[in-house]
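Visitor:
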Amino acid sequence: MSKEEEIILTKEGLAKLEFELDDLKTVKRKELASRIKLAISYGDLKENSEYHSAKNDQSFMETRIMVLEKMLNKARVADDSMDISTVQIGLIAVLNDVEFSEKLEYMLVGSSEADASDNKISYESPLGKALMGKSVGSIISVNAPMGVIQYELLEIKAM
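Per this note's numbering, residue 1 is the first one in the sequence shown, and the count goes up by one each step.
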């Protein structure tokens with residue numbers, strides 16, 4: 001598998017995807033099968049909105065299962081026993097926004113785990129790319145729509 005095809009995840013991200021896949025295959029499939037069976041019992045499938053809705057949901061669910069299976073087949077878990085002397089996937093970077101003297105913390109994760117509201121940024125994002133491999137004391141410059149933003153890397157820590 002080439003590096004481009006790899007999906008890098010934290011252990012937490014891998015566990016979430018595995019849980020979602022298992023839930024879809026075991027719980028949700030059974031629920032949808034029951035919904036479809038009940039809808040069929042209403043008769044005339046041409047004008048049966050419950051049946052069409054359940055079949056539509058089934059299609060979305062089966063597609064999600066296929067996507068998750070492909071992701072998990074390509075997944076590589078970031079090493080959590082890593083050295084924290086440089087920023088790597090799975091570590092938290094504590095930054096100081098140079099212009100506004102604002103302290104920020106971001107965990108670097110794979111793109112499928114990124115969630116800005118939870119301060120998890122992809123290593124493939126502009127800031128993530130700029131942080132990768134940097135050590136404490138580094139000044140990081142990131143091109144943004146409003147111009148270049150500079151950060152000082154204050155600390156690197158494990159979760």
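Cβ coordinates follow ideal geometry from the N, Cα and C atoms, glycine included.
Does the separation of the CB atoms of residue 108 and residue 95 fall below 8 Å?
Guide: One-based indexing of the sequence shown puts residue 108 at position 108. One-based indexing of the sequence shown puts residue 95 at position 95. No, Cβ-Cβ distance for residue 108 and residue 95 is not below 8 Å.
Visitor: Give me the Cα-Cα distance between residue 125 and residue 117, rounded to the nearest whole angstrom.
Guide: Walking along the sequence shown from the start, residue 125 turns up at place 125. Walking along the sequence shown from the start, residue 117 turns up at place 117. Using only the alpha carbons, I get a separation of about 15 Å.
Visitor: Cα separation between residue 133 and residue 97?
Guide: On the sequence shown, position 133 is the one that residue 133 refers to. On the sequence shown, position 97 is the one that residue 97 refers to. Rounded to the nearest angstrom, the two C-alpha atoms are 19 Å apart.
Visitor: Keeping to the same chain, check which residues put their C-beta closer than 7 Å to that of residue 14; ignore five residues upstream and five downstream.
Guide: Taking the sequence shown and counting its residues from 1, the one referred to as residue 14 is at position 14. 75, 77.
Visitor: Less than 8 Å between the C-beta atoms of residue 84 and residue 156, yes or no?
Guide: For the purposes of this step, residue 84 is taken as the residue at position 84 of the sequence shown. For the purposes of this step, residue 156 is taken as the residue at position 156 of the sequence shown. Yes, the pair counts as a contact, with Cβ atoms nearer than the cut-off.
Visitor: Once DSSP output is grouped into helix, strand and coil, what is the label at residue 164?
Guide: One cannot answer for residue 164 here, as it falls past the ends of the chain, which runs 1 to 159.
Visitor: Among 50, 28, 67, whose alpha-carbon lies nearest the alpha-carbon of residue 7?
Guide: Translated into positions along the sequence shown, residue 7 becomes position 7. Scanning 50, 28, 67 for the CA closest to the CA of residue 7 turns up 67.
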